[in-house]
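Residue numbers (the working numbering): 14 to 473.
Heads up, the beta-carbon is just placed ideally off N, CA and C, and yes, glycines get one too.
Predicted, not measured: the structure shown is a model, and the values here were computed from it.
What follows is a single structure, written as structure tokens, with notes after it.
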Amino acid sequence: MSSTPALQLRFPADFRWGVSTSAYQIEGAVAEDGRGISTWDTFCGEPGRIIDGSSGAKAADHYHRYREDVALMRDLGVTDYRFSIAWPRIVPTGSGAINPAGLEFYDRLVDELNGAGINPVVTLFHWDLPQPLEDAGGWLNRDTAHRFADYAAIVGERLADRVGMWITLNEPMVLTNFAYALGAHAPGRTLGVGALPVAHHQLLGHGLAVQALRAAGGRQIGIANNQAPVWPVSDSAEDRGAAGFYETLVNWLYSDSLLLGRYPDGLAGAMPGPVEDDLRIISTPLDWYGLNYYNPVRVGAPNAQVRHVDSFEMPSDLPFDLPEIEGYPRTDFDWPVIPEGLTEMLRLLRERYGEALPPIYITENGCSYADGPDATGRVADQRRIDFLDGHLRALRSAMDEGADVRGYFTWSLLDNFEWAAGYEQRFGLVHIDYDTMARTPKDSYFWYRDLIRAQAAGGA
């Protein structure tokens, strides 16, 4: 199926191979079986928010087709499936009454996965906050952290006996910055630095949720942070200062608090509540640490030039500039393809945290390419194969340097609703025809399948 052979590198025999998705991006069925309204339902209904005017109302229809999707994963040979639970399906208003039908859906999904020999890896929050909680202040409100812990306890009590791994939050940095600071994601607030309490309350919610899951019998609990190397535009003091501030804001704010029990210098004073007491909860020990990696970021001192990130125009008053990284291939999302950035990020984590760093899983890594079926029905997505091959080689290099990485989850199993980019971007190993919902495995699916088989057999 591909001109690129399966990877000729060996990974440990117990290395985990997975795929990732999220509820709002694939499930659809937003108004079925008692599900409540989420911030993304509301955001998608506001004109101009989504580039193609779409929503996740139907998405990939996974809610009705989950058995077909589990069969695709079984044939792919993955050991693990990372998916998220939609908080509005479980507690429609964010607190109070539980929706039995929501729990029953995830019961069925978890049982289907276990029956196929696939370990369920459950993410509790992948950005779809129940709208009533947002109406009460959302993640700006400390109470939301406690409601999240209540929700974690409900899910843990129902599923902990059959779920092998847990993720509390997906990319709290992205929610803080894109959703509350810049307005590019739901709920679309533009608070700038006033969004920092969102980071603190998410992290507090994480710590409380870890405790709630453990009390319910949950095991192997982690978090998925989006982190990337930050490259200064130049060696000038101004550019290095801007890059250092950006790196602190998007990388170390989250991992320092989790792994060291403190915020980076200068940020603790911007956080609400009894910060020291909260940090003891936030730094509740993790069983493992999840890294989502896509590409490095180039940062310089601010200037008046207009910049766009993921089709979103960045505000002109930011204390840094984000110029493009030139000289590398680019995905159809216009992201630079830089596999060695994964090696670098894993090195940075080891250098910063040492023995405080738990074992790592790469919980997301993937690319958007718009290749569709040809006249024979084949989806020849060689660029995605090359992307995966390059990043797995970079991962192996990091492991040879000493990085304790236990598994790799590619994003994503299916083409899906890509947030503010709607359906214009395709990240899946499996092509979705959004008119018929037909699933067509791409060449990259078969390449990944052959890779997993070769690893299980002792190498190609």
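For residue i, which residues of its own chain have a beta-carbon under 8 Å away from its beta-carbon, when the five flanking residues on both sides are left out?
i	result
Ala-256	Val-243, Trp-244, Pro-245, Val-246, Val-312, Gly-313, Phe-333
Ala-72	Tyr-37, Gln-38, Ile-39, Glu-40, Gly-41, Asn-429, Phe-430
Leu-273	Ser-296, Tyr-366, Ala-369
Glu-357	Pro-242, Pro-309
Leu-209	Thr-189, Leu-280, Ala-283, Met-284
Ile-131	Val-83, Met-86, Arg-87, Val-91, Thr-92, Asp-93, Tyr-94
Gly-58	Ser-68
Ala-228	Ala-166, Gly-169
How many angstroms separate the CA atom of residue i from the CA atom of residue j?
i	j	result
Gly-441	Ala-199	23 Å
Asp-446	Ile-63	20 Å
Leu-221	Ile-294	7 Å
Pro-277	Glu-147	28 Å
Ala-473	Asp-174	Interpretation of Ala-473 is limited by its pLDDT of 39, a score under 50 that renders its predicted location unreliable; the figure taken from the coordinates is listed afterwards. Computed Cα separation, rounded: 36 Å.
Trp-123	Val-176	For clarity, residue 123 is Val in the given sequence; the question names Trp instead. Roughly 7 Å between the two C-alpha positions.
Gln-224	Thr-297	8 Å
Glu-431	Gln-438	6 Å
Ala-388	Arg-80	28 Å
Asp-291	Met-178	24 Å
Val-550	Gly-109	Past the edges of the chain, shown from 14 to 473, lies residue 550, and the structure says nothing about it.
Pro-352	Ala-369	25 Å
Ile-167	Trp-100	11 Å
Tyr-164	Ser-249	48 Å
Arg-409	Leu-361	16 Å
Pro-105	Pro-143	7 Å
Leu-299	Asp-269	13 Å
Asp-156	Pro-145	12 Å
Arg-275	Leu-359	21 Å
Leu-266	Leu-22	35 Å
Met-186	Val-263	6 Å
Pro-285	Ile-50	28 Å
Gln-38	Tyr-193	20 Å
Leu-204	Asp-345	30 Å
Arg-87	Ala-26	19 Å
Pro-454	Tyr-76	19 Å
Asp-463	Phe-24	14 Å
Phe-118	Phe-138	17 Å
Leu-271	Leu-226	17 Å
Asn-127	Gly-471	25 Å
Pro-386	Leu-331	42 Å
If you drop the 5 nearest sequence neighbours on each side, which residues of the same chain put their C-beta closer than 7 Å to that of residue i?
i	result
Val-43	Asp-54, Gly-69, Ala-70
Arg-466	Gly-90
Arg-396	Tyr-382
Gly-379	Thr-423, Trp-424, Ser-425, Phe-440
Ser-303	First, the residue type needs correcting, since residue 303 is Gly and not Ser in the sequence shown. So the qualifying residues of the chain are Ile-180, Gly-235, Ile-236, Ala-237, Asn-238, Tyr-374, Thr-376.
His-404	Pro-352, Leu-355, Asn-378
Ala-158	His-214, Leu-217, Gly-218, Leu-221
Asp-65	Gly-435, Tyr-436, Glu-437
Arg-5	Residue 5 lies beyond the range of the chain shown here (14 to 473); nothing can be said about it.
Is the distance from the Cβ of residue i to the Cβ of residue j below 9 Å?
i	j	result
Asn-305	Gln-240	yes
Asp-417	Ile-373	yes
Tyr-94	Ser-33	yes
Phe-28	Tyr-458	no
Asp-120	Arg-171	yes
Ala-197	Ala-129	no
Gly-218	Phe-161	yes
Ile-98	Thr-136	yes
Leu-427	Arg-406	no
His-213	Val-310	no
Asn-316	Ile-338	no
Pro-342	Pro-349	yes
Asp-141	Thr-261	no
Arg-202	Gly-151	yes
His-444	Asp-402	no
Can you find the residues in the same chain that come closer than 6 Å, C-beta to C-beta, to residue i, ignoring five residues on each side of it along the sequence?
i	result
Val-134	Asp-93, Arg-95, Met-178
Tyr-259	Val-243, Val-312, Phe-333
Trp-30	Val-91, Thr-92, Ile-465
Ala-411	Thr-356, Leu-359
To the nearest whole angstrom, what separates the beta carbons of residue i and residue j, a pair I think is in contact under 8 Å?
i	j	result
Gly-169	Gly-115	Not really, about 15 Å apart at Cβ, beyond 8 Å.
Met-450	Asp-74	5 Å
At a cut-off of 8 Å, is residue i close to the ligand GTP when judged by its beta-carbon and the heavy atoms of the ligand?
i	result
Asn-264	Only the bare structure without any ligand can be found here, which leaves the ligand GTP out of the picture.
If you measure from the beta carbon of residue i to each beta carbon in chain C, is any gap under 9 Å?
i	result
Arg-160	Judged by its chain identifiers, the structure shown contains no chain C, having just a single protein chain.
Legend entry - Contained beta strand (DSSP E) runs [length at least 3] in the region 223-294, N- to C-terminal order: Within the region 223-294, the runs of beta strand (DSSP E) that reach at least 3 residues and sit entirely inside it are, in chain order, 234-239, 243-245.
Inset, instruction - Just list the alpha helix (DSSP H) runs in the region 315-389, keeping only unbroken ones of 4 residues or longer that don't cross its boundaries, in chain order. - result: Fully enclosed alpha helix (DSSP H) runs of 4 or longer: 353-366.
Inset, instruction - At 4 residues or longer, and completely inside the region 69-94: list those alpha helix (DSSP H) runs for me, N to C. - result: If only complete runs of 4 or more residues are kept, the region 69-94 shows the alpha helix (DSSP H) at 75-89, in order along the chain.
Inset, instruction - Any chance you could list the alpha helix (DSSP H) runs of at least 4 consecutive residues sitting entirely within the region 95-164, in chain order? - result: Here the runs fully enclosed are 100-103, 113-128, 144-148.
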